[in-house]
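Okay, so here's the structure we're looking at.
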Amino acid sequence: MNTEETSLLEQSCENATGLPRKEIKERINELKTIAQDNQLTITEAILFLGYMRLGSIERTLEENAEYLAGMLAPLK
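The sequence shown begins at 33 in this note's numbering and counts up one residue at a time.
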């Protein structure tokens, strides 16, 4: 995941949740670790989480970001 994609994901999470950017960055870093541990890209991890939750990978980045933020909230 490049810097531009990470920034877009952070902004989408911030817009969807109202959480501070610093907290979102920490949670995205946790997701990156999970993705690396499972040999997935961050995008694959987000799509997989969305697929598992919604039964479809046809979701927008904002929908995946909103779900990701909610999914990672308990990890804090």
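Virtual Cβ for every residue (Gly too), placed ideally from N, Cα, C.
As the structure is a computational prediction, the values presented were derived from the model and not from experiment.
Let's see if you can read the secondary structure: which residues bound the alpha helix (DSSP H) around residue i?
i: glutamine 68; result: 53-69
i: asparagine 47; result: 35-49
Can you tell me whether residue i is helix, strand or coil according to DSSP?
i: glycine 102; result: helix
i: leucine 72; result: coil
i: serine 88; result: For serine 88, the pLDDT reaches just 49, beneath the cut-off of 50, and the residue's location in the model is therefore unreliable, although a value from the coordinates is still provided. Serine 88 falls in the coil class under three-state DSSP.
Please classify residue i as buried or exposed, where buried requires at least 16 other C-beta atoms within 10 Å of its C-beta.
i: arginine 53; result: exposed
i: glycine 87; result: Residue placement at glycine 87 is flagged as unreliable, the pLDDT there being 49, under the threshold of 50; a coordinate-derived value is accordingly withheld.
i: alanine 105; result: exposed
i: asparagine 96; result: buried
i: serine 39; result: exposed
Rounded to the nearest angstrom, how far is the Cβ of residue i from that of residue j, given a contact under 8 Å?
i: isoleucine 13; j: leucine 100; result: Residue coverage of the chain in this structure runs from 33 to 108, which leaves residue 13 outside it and unanswerable.
i: glutamate 76; j: lysine 57; result: At roughly 20 Å, the Cβ-Cβ gap does not stay under 8 Å, so glutamate 76 and lysine 57 are not in contact.
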